[in-house]
Structures are given as structure tokens and as C-alpha cells.
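Peer 1: Dumping the structure here so I can ask a few things about it.
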Amino acid sequence: LKEKHKILHQLLQNNTSPVDL
Amino acid sequence: PEAADLRALSRHLYEAYLKNFPLTKAKARAILSGKTGDKAPFVIHDMKSLMEGEQIINCRQIPCQEHQQPQQPPAAFAAVGHADCNMSGELELRFFNSCQSRSVEAVREVTEFAKSIPGFVNLDLNDQVTLLKYGVIEIMIIMMAPLMNKDGTLISYGQIFMTREFLKSLRKPFGEMMEPKFEFSVKFNTLELDDNDMALFLAVIILSGDRPGLLNVKPIECLQETVLHSLELQLKISHPDSLQLFAKLLQKMTDLRQIVTNHVHSIQLLKKREVDMFLHPLLQEIMKDLY
Numbered sequence: 277l278k279e280k281h282k283i284l285h286q287l288l289q290n291n292t293s294p295v296d297l
Numbered sequence: 397p398e399a400a401d402l403r404a405l406s407r408h409l410y411e412a413y414l415k416n417f418p419l420t421k422a423k424a425r426a427i428l429s430g431k432t433g434d435k436a437p438f439v440i441h442d443m444k445s446l447m448e449g450e451q452i453i454n455c456r457q458i459p460c461q462e463h464q465q466p467q468q469p470p471a472a473f474a475a476v477g478h479a480d481c482n483m484s485g486e487l488e489l490r491f492f493n494s495c496q497s498r499s500v501e502a503v504r505e506v507t508e509f510a511k512s513i514p515g516f517v518n519l520d521l522n523d524q525v526t527l528l529k530y531g532v533i534e535i536m537i538i539m540m541a542p543l544m545n546k547d548g549t550l551i552s553y554g555q556i557f558m559t560r561e562f563l564k565s566l567r568k569p570f571g572e573m574m575e576p577k578f579e580f581s582v583k584f585n586t587l588e589l590d591d592n593d594m595a596l597f598l599a600v601i602i603l604s605g606d607r608p609g610l611l612n613v614k615p616i617e618c619l620q621e622t623v624l625h626s627l628e629l630q631l632k633i634s635h636p637d638s639l640q641l642f643a644k645l646l647q648k649m650t651d652l653r654q655i656v657t658n659h660v661h662s663i664q665l666l667k668k669r670e671v672d673m674f675l676h677p678l679l680q681e682i683m684k685d686l687y
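Chains as they are written, first to last, in the working numbering: chain R, 277 to 297; chain E, 397 to 687.
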């Protein structure tokens with residue numbers, strides 16, 4: 277599941293702005 | 397002591413809500429009723445005003461309420477006849493993309509709010525992903541309600557008011573996408589929740605133990621139960637005369653799921669129809685295999 281939701285996973289792990297991803 | 401703990405949880409979630417969501421219900425209702433003392437929001441009611449308002453829509457900065465009415469549309473827009481069918485098609489698509497950008501930002505806000513729910517970050521990481529995947533669109537729809545009235549909705553952090561009639565007039569399927577949200581919001585707003593109630597309700601939605609694919613339901617249900625108790629107590633205090641408000645609010649969760657299902661189907665239809673449409677990878681992740 278984490279593999280299929282890399283950005284969501286990243287957001288959970290830190291507060292990177294998704295716009296910058 | 398138990399009630400004191402529930403009140404402390406309520407305060408904590410309210411603070412997290414204020415920290416993560418820039419436009420509160422109190423602020424939105426003040427803007428809608430013209431009680432802010434600031435300039436009224438810019439009104440978009442047709443293609444011409446949409447063109448004029450684009451520069452505000454695309455401004456990602458959170459306003460300080462003191463926005464200016466746009467002086468002149470950018471030259472590129474000014475040269476475009478708004479009666480031109482292809483151009484208004486492009487305009488609709490550009491507007492849709494602006495909505496996507498805002499949605500992506502909203503996912504980040506909801507994620508940060510979720511992380512502030514006591515116990516959430518200790519859940520299995522896969523389950524955190526699942527709860528967000530299924531919860532974020534429901535939360536976004538709930539968060540739209542305070543921005544809406546029967547005539548339209550605030551967008552761009554309250555800087556713009558877009559009329560319901562204009563949204564309805566957009567070509568298919570754009571024109572059909574917002575109407576169910578208005579119908580839901582108008583009914584939801586009759587419950588007259590305040591921002592503190594909203595904060596707890598959002599946490600309850602996020603902690604739904606019946607989302608497909610959850611690995612470890614028990615701790616999620618335990619967390620939700622505590623927040624539910626806190627919400628029930630909060631509603632008794634903030635709405636002492638509103639009978640059955642707690643039950644009425646929980647019933648809204650069923651309506652929400654249907655709205656999200658229809659919304660996702662509309663987006664999938666759009667993706668098929670619009671060759672130029674780009675769906676942000678984060679939104680793709682969320683909507684893939686959702687319902």
C-alpha cells in the first residue's frame with residue numbers, strides 16, 4: 277500500500293509540500 | 397476526570413484545526429455576511445468575471461483580507477473573446493486545474509491535522525495511508541460547507557465568491573460536479589456547527605474503522621470512540637437545546653460517502669473525456685481504486 281501511495285506516505289512521514297513533489 | 401480529559405482532547409483538536417486550516421467557519425461566515433469590515437470578495441458569475449478573477453484564483457498566498465479588485469485582466473486574457481467556445485473550454489480546464497492545486501494543498505492540511513490526533517501516528521503506517529486515502533475527500537467536502545450558501549461558494553481562501561448558477565452553467569461534467577455539494581452543504585449548515593464541533597467531527601471521520609483494507613481495526617476504533625465521546629460532550633455544551641444533534645451529525649457520514657463516490661466517478665469521466673487534462677499524482681493516488 278505504501279508503494280502505491282508514495283506521496284501520501286511522504287506527507288505522513290514529513291510535511292513536504294505536495295506542490296513541490 | 398473523564399470529562400476533563402474529553403474537554404482537553406476537544407481543545408487540542410480545535411487548536412490543531414485552527415493551526416492547519418487557514419479559513420475557519422467563523423471567518424467564512426463573517427465574509428459571507430459582510431461582517432469583516434474588509435472589502436467584499438470578488439464575485440465570479442460569468443466567463444468574463446472568471447477571466448478577471450483568474451489572477452486571484454492562482455495566487456497561492458493566503459490573503460490578508462485586503463485584496464484589490466483586479467484592475468485589468470492580463471493582456472493574454474483581454475485579447476480573448478469570452479464568447480469564444482474553445483477559449484471558454486480552456487478557461488474551464490484552467491479553473492479545474494486551479495481547483496486541483498487547492499485540493500492538493502488541502503490534502504496536506506488534512507494530513508497534518510490527522511497527525512495531530514492523539515494516537516494517529518502510532519497506528520500502522522499502512523493504516524494511516526488507508527485512513528487518509530478514504531478520509532480526505534470526505535473532509536474536503538465537509539470543509540466546503542461553511543464556505544457555501546444557497547447562492548454560491550467562497551473560494552481562494554475567501555477572496556472570491558463564485559455563484560452556484562455559474563458553476564451549474566459550466567459544460568458537462570464540470571457543471572454537474574458542484575451541485576450535490578451545494579445540496580449537502582445547505583442541509584449540513586442547518587446543524588450550525590461551530591469550528592470546535594467541526595474539528596472533532598473531522599477527527600471522527602478520519603478515524604473510521606470500516607475503511608477497506610485496514611490491517612488493524614481495533615486501535616482505530618478505540619481512538620474513534622474517545623473522540624466520539626468528546627464530540628458528544630462538546631455538542632451538549634455548545635448546543636444544549638439542539639436535540640439529537642449528535643445522532644444527526646453521525647448520519648451525515650453516510651451521505652458523505654455517496655457524494656465522494658459520485659465525485660470520484662465524475663473525475664474518472666473527466667479524465668477519459670478531456671485529452672488535455674492532467675490529474676495531479678497525489679490526487680491520482682487517492683482516487684485510484686477508491687470506490
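We treat Cβ as the ideally placed atom computed from N, Cα and C, and that holds for glycine.
Taking the straight line between their C-alpha atoms, what separation do you get for isoleucine 663 of chain E and serine 484 of chain E?
Peer 2: Residue 663 of chain E sits at position 267 when you count from the first residue of the second sequence. Residue 484 of chain E sits at position 88 when you count from the first residue of the second sequence. In a straight line, the C-alpha of isoleucine 663 of chain E is about 19 Å away from that of serine 484 of chain E.
Peer 1: Pick out the complete alpha helix (DSSP H) segments inside the segment 619 to 664 of chain E, 4 residues or longer, and give them in chain order.
Peer 2: You should have found no qualifying run.
Peer 1: Rounding to the nearest angstrom, what Cα-Cα distance links isoleucine 537 of chain E and phenylalanine 584 of chain E in this structure?
Peer 2: In the second sequence, the residue the question calls residue 537 of chain E occupies position 141. In the second sequence, the residue the question calls residue 584 of chain E occupies position 188. Going from the Cα of isoleucine 537 of chain E to the Cα of phenylalanine 584 of chain E covers about 11 Å.
Peer 1: For phenylalanine 438 of chain E, which beta-bridge partners are listed by DSSP?
Peer 2: Position 42 of the second sequence, counted from the first residue, corresponds to residue 438 of chain E. According to DSSP, phenylalanine 438 of chain E bridges with E/Ile556.
Peer 1: Out of E/Glu534, E/Ala412, E/Arg498, E/Ala424, state which residue places its alpha-carbon closest to the alpha-carbon of histidine 659 of chain E.
Peer 2: As a working mapping, residue 659 of chain E is identified with position 263 in the second sequence. Selected option, being the one with the closest Cα: E/Glu534.
Peer 1: Which of helix, strand or coil does DSSP assign to isoleucine 513 of chain E?
Peer 2: By 1-based counting over the second sequence, the position of residue 513 of chain E is 117. Three-state DSSP puts isoleucine 513 of chain E in coil, outside helix and strand.
Peer 1: For methionine 536 of chain E, does the three-state DSSP call read helix, strand or coil?
Peer 2: On the second sequence, residue 536 of chain E is found 140 positions in, with the first residue counted as 1. Reduced to three states, the DSSP call for methionine 536 of chain E is helix.
Peer 1: So, for leucine 686 of chain E: in the same chain, excluding its five sequence neighbours on each side, which residues have a beta-carbon less than 6 Å away from its beta-carbon?
Peer 2: In the second sequence, counting from the first residue as 1, residue 686 of chain E sits at position 290. The answer, listed in chain order, is Val660.
Peer 1: Checking the sheet assignment: what are the DSSP bridge partners for methionine 544 of chain E?
Peer 2: The residue given as residue 544 of chain E occupies position 148 in the second sequence. E/Thr549, per the DSSP bridge assignment.
Peer 1: Is methionine 594 of chain E helix, strand or coil when you go by DSSP?
Peer 2: Position 198 of the second sequence, counting from 1, holds the residue named residue 594 of chain E. Residue state, collapsed to three classes: helix.
Peer 1: Give every residue of the same chain whose Cβ lies closer than 7 Å to the Cβ of leucine 666 of chain E, excluding the five residues on either side of it in the sequence, and list them in chain order.
Peer 2: For the purposes of this step, residue 666 of chain E is identified with residue 270 of the second sequence, where counting begins at 1. Taken in chain order, the residues that qualify are Pro569, Met673.
Peer 1: Helix, strand or coil for glutamine 468 of chain E, going by three-state DSSP, please let me know.
Peer 2: Taking the second sequence and counting its residues from 1, the one referred to as residue 468 of chain E is at position 72. Since pLDDT at glutamine 468 of chain E reaches only 38, below the 50 mark, its modelled position is unreliable, and the value read off the structure follows with that caveat. In this structure, glutamine 468 of chain E counts as coil in the three-state DSSP scheme.
Peer 1: Can you tell which of E/Val582, E/Glu628, E/Ser552 has the C-alpha that lies nearest to the C-alpha of serine 494 of chain E?
Peer 2: Counted from its first residue, the second sequence places residue 494 of chain E at position 98. The option with the nearest alpha carbon to serine 494 of chain E is E/Ser552.
Peer 1: In chain order, what residues of the same chain have a beta carbon less than 6 Å from the beta carbon of phenylalanine 473 of chain E, not counting five sequence neighbours either side?
Peer 2: Taking the first residue of the second sequence as 1, we reach residue 473 of chain E at position 77. Legend: pLDDT at phenylalanine 473 of chain E = 34, less than 50; position of this residue unreliable, no value from coordinates given.
Peer 1: Does any residue of chain R have a CB that is nearer than 9 Å to the CB of glycine 605 of chain E?
Peer 2: Your numbering for residue 605 of chain E matches position 209 in the second sequence. False, the Cβ-Cβ gap to chain R never drops below 9 Å.
Peer 1: Between the alpha carbons of arginine 403 of chain E and histidine 285 of chain R, how many angstroms are there, rounded?
Peer 2: Start at 1 with the first residue of the second sequence, and residue 403 of chain E comes out as number 7. Start at 1 with the first residue of the first sequence, and residue 285 of chain R comes out as number 9. So the alpha carbons of these two residues sit roughly 31 Å apart.
Peer 1: With 7 Å as the limit, tell me which residues of the segment 516 to 537 of chain E have their beta carbon closer than that to any beta carbon of chain R; keep them in chain order.
Peer 2: Answer in chain order: Leu521, Asn522, Gln524, Val525, Thr526, Leu528, Lys529.
Peer 1: So does the segment 631 to 649 of chain E actually touch the segment 546 to 563 of chain E, counting three or more Cβ pairs closer than 8 Å?
Peer 2: Too few Cβ pairs lie closer than 8 Å, so no.
Peer 1: Which same chain residues, not among the five before or five after glutamine 630 of chain E, have their C-beta less than 7 Å away from its C-beta?
Peer 2: By one-based count along the second sequence, residue 630 of chain E stands at place 234. Ser406, Asn592, Asp593, Leu596.
Peer 1: CB-CB under 6 Å to glycine 515 of chain E, same chain, minus the five flanking residues each way: which ones, in chain order?
Peer 2: Here residue 515 of chain E corresponds to residue number 119 of the second sequence, with the count starting at 1. Leu619, listed in sequence order.
Peer 1: Rounding to the nearest angstrom, what Cα-Cα distance links methionine 649 of chain E and leucine 587 of chain E in this structure?
Peer 2: On the second sequence, residue 649 of chain E is found 253 positions in, with the first residue counted as 1. On the second sequence, residue 587 of chain E is found 191 positions in, with the first residue counted as 1. Taking the straight line from one Cα to the other gives about 14 Å.
Peer 1: Using 10 angstroms around the beta-carbon of proline 542 of chain E, count the other beta-carbons present and answer buried if the total reaches 16, otherwise exposed.
Peer 2: The residue given as residue 542 of chain E occupies position 146 in the second sequence. So proline 542 of chain E ends up on the buried side.
Peer 1: Looking only at its chain, what residues have a beta carbon closer than 6 Å to the beta carbon of alanine 599 of chain E, apart from the 5 residues adjacent to it on each side?
Peer 2: For the purposes of this step, residue 599 of chain E is taken as the residue at position 203 of the second sequence. Once the five neighbours on either side are set aside, the close Cβ partners of alanine 599 of chain E are Leu409, Ile513, Val623.
Peer 1: If we call anything under 9 Å between Cβ atoms a contact, is phenylalanine 492 of chain E one with isoleucine 453 of chain E?
Peer 2: Translated into the one-based positions of the second sequence, residue 492 of chain E becomes position 96. Translated into the one-based positions of the second sequence, residue 453 of chain E becomes position 57. Not a contact, by the Cβ cut-off of 9 Å.
Peer 1: Sort E/Asp434, E/Phe562, E/Met683 by Cα distance to lysine 444 of chain E and report the nearest one.
Peer 2: For the purposes of this step, residue 444 of chain E is identified with residue 48 of the second sequence, where counting begins at 1. It is E/Phe562.
Peer 1: Take the Cβ of isoleucine 633 of chain E as the centre, count every other Cβ of all protein chains shown within 10 Å, and call the residue buried at 16 or more, exposed below.
Peer 2: Taking the first residue of the second sequence as position 1, residue 633 of chain E is located at position 237. By the neighbour-count rule (16 or more Cβ atoms within 10 Å), isoleucine 633 of chain E is not buried but exposed.
Peer 1: At a Cβ threshold of 9 Å, is valine 503 of chain E touching chain R?
Peer 2: Looking up residue 503 of chain E in the second sequence gives position 107. Closer than 9 Å to some Cβ of chain R, the Cβ of valine 503 of chain E qualifies, so yes.
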